[in-house]
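Trainee:
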Amino acid sequence: MTTDTLSPAPTTAQSEALFARARAVTPGGVNSPVRAFRSVGGSPRFIREAHGAYLTDADGTRLLDYIGSWGPMILGHDHPAVREAVTSALAGGTSFGAPGEREVRLAEAVTRITGVDRVRFVNSGTEATMSALRLARGATGRKYILKFRGNYHGHADGLLVEAGSGLMTNAGGALGQAAPSSAGVPEEYARLTLVSEYNDPAALDALMQERGVDIAAVIFEPVVGNAGVLIPTPEFLAALHRVREHGALLIADEVMTGFRLSLRGATGLLGLRPDLICWGKIIGGGLPVGAYGGRADVMDHVSPQGPVYQAGTLSGNPLAMAAGLATLEVLEGDPGLYGRLDTYTAQLADGLRAAAREAGVPLSVNRIGSMLTAFHQEAPDGAIRSYADAARSDTAAFAAWFQQMLARGIYWAPSQFESIFVGAAHGDAELEQTLAAARAAYAGLGGQA
Ligand SMILES: *Cc1c(COP(=O)(O)O)cnc(C)c1O
Numbered sequence: 038m039t040t041d042t043l044s045p046a047p048t049t050a051q052s053e054a055l056f057a058r059a060r061a062v063t064p065g066g067v068n069s070p071v072r073a074f075r076s077v078g079g080s081p082r083f084i085r086e087a088h089g090a091y092l093t094d095a096d097g098t099r100l101l102d103y104i105g106s107w108g109p110m111i112l113g114h115d116h117p118a119v120r121e122a123v124t125s126a127l128a129g130g131t132s133f134g135a136p137g138e139r140e141v142r143l144a145e146a147v148t149r150i151t152g153v154d155r156v157r158f159v160n161s162g163t164e165a166t167m168s169a170l171r172l173a174r175g176a177t178g179r180k181y182i183l184k185f186r187g188n189y190h191g192h193a194d195g196l197l198v199e200a201g202s203g204l205m206t207n208a209g210g211a212l213g214q215a216a217p218s219s220a221g222v223p224e225e226y227a228r229l230t231l232v233s234e235y236n237d238p239a240a241l242d243a244l245m246q247e248r249g250v251d252i253a254a255v256i257f258e259p260v261v262g263n264a265g266v267l268i269p270t271p272e273f274l275a276a277l278h279r280v281r282e283h284g285a286l287l288i289a290d291e292v293m294t295g296f297r298l299s300l301r302g303a304t305g306l307l308g309l310r311p312d313l314i315c316w317g318k319i320i321g322g323g324l325p326v327g328a329y330g331g332r333a334d335v336m337d338h339v340s341p342q343g344p345v346y347q348a349g350t351l352s353g354n355p356l357a358m359a360a361g362l363a364t365l366e367v368l369e370g371d372p373g374l375y376g377r378l379d380t381y382t383a384q385l386a387d388g389l390r391a392a393a394r395e396a397g398v399p400l401s402v403n404r405i406g407s408m409l410t411a412f413h414q415e416a417p418d419g420a421i422r423s424y425a426d427a428a429r430s431d432t433a434a435f436a437a438w439f440q441q442m443l444a445r446g447i448y449w450a451p452s453q454f455e456s457i458f459v460g461a462a463h464g465d466a467e468l469e470q471t472l473a474a475a476r477a478a479y480a481g482l483g484g485q486a
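Residue numbering for the sequence shown follows our numbering, starting at 38 and increasing by one per position.
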């Protein structure tokens, strides 16, 4: 199918009505800011249900989904193995506040797959990074942490400093000490977070030279998804591993990349040797799960084994564990899956480049595995490597393109500074549909220029 499928324009009356009701009872009408479509304009689609690669919105319009719940749905929505596991867990009660076998099995799977000795389950990626940092401080007896500009690690106070994702508009400040990205974060907390530039090994080395003895941990996105996709250089990865010479722990935040870029995440794909790894998203198979893990000598500082307190009423929840376990089992049992995701996403990247080129629209695509960002700017492919590079994108051109795609039934991430996610349910028909829409959308944009 190569024809433009724009007409007739689908109605959005139900979504708009729900958004009005939501705004009356929830700040901004959403429970997570990016969902509100603020950076692309218009009313967000309210989603009724999802199967495979498709969402159905409140007006009954089918949308081809490139968000995948922001990463977790790598198998596609409503995967039969996950549904069956959750349904069967459901019949046995939804929460015990006591340990159960599913937690042991998921921990065994995570340690076997990723090579960490110990793992602790929490309920979100935010909790995972927050807990890993407390652990790093407890284990090293140091106060400071170091992160990278435009990396997002959830919304704990000390991490909302030069943060990416929905905070990409609040840039600025010198390296080293930096300002909070959110109201409500005391300067005193932000002061304990040092900031360096992603993919700048010299800046990292210099900061570690100066402040290394005070730094408990360096936390990083091994492939950035939250400034749009940024791919680390080998030189930067080498500098990251040098931070341990200063006694700092290296924390890979694999909340987005874990079980996505390979079964062993970015750590496996890029040959990283972090001290601690944080997970979220895929590890819960679409239910709320986060986790952090690492070597026994570090992890055994965690309570009740050690003095670093961390707890959770619903941690290890049986439904969530069942969904995560079923997801990991499918991923482990299908060795060809990551190759298929890679091939699809590579073709998607090439198709987008060709469509933009043909229409004379500047585009620079960063892509690794099943993660991709199409930056609307002139930079050559692969040249966008930092927050500052990404921030040069034409967000108005992106927003116009996004709306053109949405009108054609393609549900892209509603921000220039996010990754899209391809899942196992995306096949040839979906690729063709997407590229046909992209050609029409770029032709429209090119025509406006
Ligand atoms: C999504 C994300 C988080 C936060 O996870 P939540 O489950 O939303 O709290 C942390 N780090 C990275 C890299 C993420 O992509």
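Note that beta-carbon positions come from the ideal geometry of N, C-alpha and C, so glycine has one too.
Apart from the five residues just before and just after L241, which ones in its own chain have a Cβ nearer than 6 Å to its Cβ?
Mentor: Looking up residue 241 in the sequence shown gives position 204. S233, A276.
Trainee: Please work out which residues of its chain come closer than 6 Å, Cβ to Cβ, to Y479, disregarding the five sequence neighbours upstream and downstream, and give them in chain order.
Mentor: Position 442 of the sequence shown, counted from the first residue, corresponds to residue 479. Excluding positions up to five away in sequence, the list reads A392, A393, A396, V398.
Trainee: Let me know if P238 comes out buried or exposed under the rule of 16 or more other beta-carbons within 10 Å of its beta-carbon.
Mentor: Numbered from its first residue, the sequence shown carries residue 238 at position 201. Classification for P238: buried.
Trainee: Just to confirm my understanding: we take L300, look at its own chain, exclude 5 residues before and 5 after, and list those with CB closer than 8 Å. What are they?
Mentor: To locate residue 300, count along the sequence shown from 1; it is residue 263. Here the set comprises I150, L368, E369, Y375.
Trainee: So which of R174, R476, F296, Q470 has the shortest CA-CA distance to Y91?
Mentor: Numbered from 1 along the sequence shown, position 54 holds the residue referred to as residue 91. The shortest C-alpha separation from Y91 is found at Q470.
Trainee: Run through the DSSP bridge pairs and tell me what I314 is partnered with.
Mentor: One-based indexing of the sequence shown puts residue 314 at position 277. Per DSSP, A289, G330.
Trainee: For H190 versus G152, is the C-beta spacing smaller than 9 Å?
Mentor: As a first step, residue 190 is located in the sequence shown; it is residue number 153 there, counting from the start. As a first step, residue 152 is located in the sequence shown; it is residue number 115 there, counting from the start. Cβ atoms of H190 and G152: not closer than 9 Å.
Trainee: At the level of alpha carbons, what is the spacing between I84 and M442?
Mentor: Translated into the one-based positions of the sequence shown, residue 84 becomes position 47. Translated into the one-based positions of the sequence shown, residue 442 becomes position 405. When rounded, the distance between both Cα atoms is 17 Å.
Trainee: Please go through the same chain and pick out, in chain order, the residues whose beta-carbon is closer than 7 Å to the beta-carbon of P47, but skip the five residues on each side of it.
Mentor: Counting from 1 along the sequence shown, the entry for residue 47 is found at position 10. Excluding residues within five positions, the ones whose Cβ falls inside 7 Å are D96, T98.
Trainee: What does a CB cutoff of less than 6 Å around E455 pick up in its chain, not counting 5 residues either side in sequence?
Mentor: Along the sequence shown, one-based indexing puts residue 455 at 418. So the list is empty, once near-sequence residues are dropped.
Trainee: Using the beta-carbon count (16 or more within 10 Å), is N354 buried or exposed?
Mentor: Here the question's residue 354 lines up with position 317 in the sequence shown. Classification for N354: buried.
Trainee: Based on Cα-Cα distance, which residue from S132, F158, A135 lies nearest to A144?
Mentor: Counted from its first residue, the sequence shown places residue 144 at position 107. Answer by Cα proximity: F158.
Trainee: If you draw a straight line from the C-alpha of E247 to the C-alpha of G195, how long is it?
Mentor: The count along the sequence shown starts at 1 and reaches residue 247 at position 210. The count along the sequence shown starts at 1 and reaches residue 195 at position 158. The alpha-carbon atoms of E247 and G195 are separated by roughly 21 Å.
Trainee: Would you mind sorting T350 into buried or exposed? The rule is 16 or more other CB atoms within 10 Å of its CB.
Mentor: Here residue 350 is taken as the residue at index 313 of the sequence shown, counted from 1. By the neighbour-count rule (16 or more Cβ atoms within 10 Å), T350 is not buried but exposed.
Trainee: Is it true that the CB of G330 sits closer than 9 Å to the CB of A360?
Mentor: The sequence position of residue 360 within the sequence shown is 323, counting from 1. The sequence position of residue 330 within the sequence shown is 293, counting from 1. No, they are not a contact pair.
Trainee: Can you check whether the CB of P259 is closer than 9 Å to the CB of T230?
Mentor: For the purposes of this step, residue 230 is identified with residue 193 of the sequence shown, where counting begins at 1. For the purposes of this step, residue 259 is identified with residue 222 of the sequence shown, where counting begins at 1. Contact: no.
Trainee: Where does L267 sit, in a helix, a strand or coil, going by DSSP?
Mentor: Here residue 267 refers to the residue found at position 230 when the sequence shown is read from its first residue. L267: strand per DSSP, three-state reduction.
Trainee: Considering Cα atoms alone, identify which of Y424, P269, T382, N263 is closest to L472.
Mentor: Counting from 1 along the sequence shown, the entry for residue 472 is found at position 435. Of the listed residues, the one whose Cα sits closest to L472 is T382.
Trainee: Answer yes or no: do I288 and A173 have a C-beta to C-beta separation smaller than 9 Å?
Mentor: The residue given as residue 288 occupies position 251 in the sequence shown. The residue given as residue 173 occupies position 136 in the sequence shown. Contact flag set, yes.
Trainee: Count the other CB atoms, across all protein chains shown, that sit within 10 Å of the CB of L244; report buried if there are 16 or more and exposed otherwise.
Mentor: One-based indexing of the sequence shown puts residue 244 at position 207. Classification for L244: buried.
Trainee: Mark V326 as exposed unless 16 or more other C-beta atoms lie within 10 angstroms of its C-beta, in which case mark it buried.
Mentor: For the purposes of this step, residue 326 is taken as residue 289 along the sequence shown, with counting starting at 1. Per the 10 Å Cβ criterion, buried.
Trainee: When DSSP labels each residue in this structure, what does S233 get in the three-state scheme?
Mentor: One-based indexing of the sequence shown puts residue 233 at position 196. Of the three classes helix, strand and coil, the one that applies to S233 here is strand, per DSSP.
Trainee: Taking the beta strand (DSSP E) that I490 belongs to, which residues open and close that run?
Mentor: This structure cannot settle anything about residue 490, because the visible part of the chain is limited to 38 through 486.
Trainee: Going by DSSP, what residue range makes up the beta strand (DSSP E) through Y103?
Mentor: As a position in the sequence shown, residue 103 is number 66, starting the count at 1. Run containing Y103: none; DSSP gives neither H nor E here.
Trainee: Would you identify the three-state DSSP class for D242, choosing helix, strand or coil?
Mentor: The residue you call residue 242 lines up with position 205 of the sequence shown. Three-state result, D242: helix.
Trainee: To the nearest angstrom, report how far apart V335 and A176 are at their CA atoms.
Mentor: The residue you call residue 335 lines up with position 298 of the sequence shown. The residue you call residue 176 lines up with position 139 of the sequence shown. One C-alpha to the other measures close to 7 Å.
Trainee: Please list the terminal residues of the continuous beta strand (DSSP E) segment that includes V141.
Mentor: Locating residue 141 in the sequence shown gives position 104, counting from the first residue. Taken as a continuous stretch (DSSP letters only), V141 belongs to no beta strand (DSSP E), being part of the alpha helix (DSSP H) at 138-151.
Trainee: Is it buried or exposed for F74, if we count other Cβ within 10 angstroms and need 16 for buried?
Mentor: Sequence index remark: in the sequence shown, residue 74 carries index 37 (1-based). Classification for F74: buried.
Trainee: By DSSP's criteria, D94 is part of a beta bridge. Which residues make up the other side?
Mentor: For this step, residue 94 is matched to residue 57 along the sequence shown. Paired residues: I84.
Trainee: Tell me which residues share the same chain as S80 and place their Cβ nearer than 8 Å to its Cβ, disregarding the 5 neighbours each side in the sequence.
Mentor: Residue 80 sits at position 43 when you count from the first residue of the sequence shown. Once the five neighbours on either side are set aside, the close Cβ partners of S80 are T49, S52, E53, F56, F74.
Trainee: Of all the options A61, P117, G108, which has the alpha carbon lying nearest to the alpha carbon of H88?
Mentor: Counting from 1 along the sequence shown, the entry for residue 88 is found at position 51. Looking at the Cα atoms, P117 is the closest of the given residues.
Trainee: Considering only the beta carbon of each residue, do A264 and S423 sit closer than 9 Å?
Mentor: Residue 264 sits at position 227 when you count from the first residue of the sequence shown. Residue 423 sits at position 386 when you count from the first residue of the sequence shown. Yes, the Cβ-Cβ distance between A264 and S423 is below 9 Å.
Trainee: Is DSSP giving G99 helix, strand or coil here?
Mentor: Taking the first residue of the sequence shown as 1, we reach residue 99 at position 62. In the sequence on display, residue 99 carries Arg and not Gly. DSSP places R99 in strand when its eight states are reduced to three.
Trainee: Answer yes or no: the CB of A275 versus the heavy atoms of ligand 1, is any distance below 8 Å?
Mentor: The sequence position of residue 275 within the sequence shown is 238, counting from 1. Result no, Cβ not under 8 Å from ligand 1.
Trainee: Any heavy atom of ligand 1 closer than 8 Å to the CB of N354?
Mentor: Against the sequence shown, residue 354 aligns to sequence position 317. Checking the Cβ of N354 against ligand 1 gives no.
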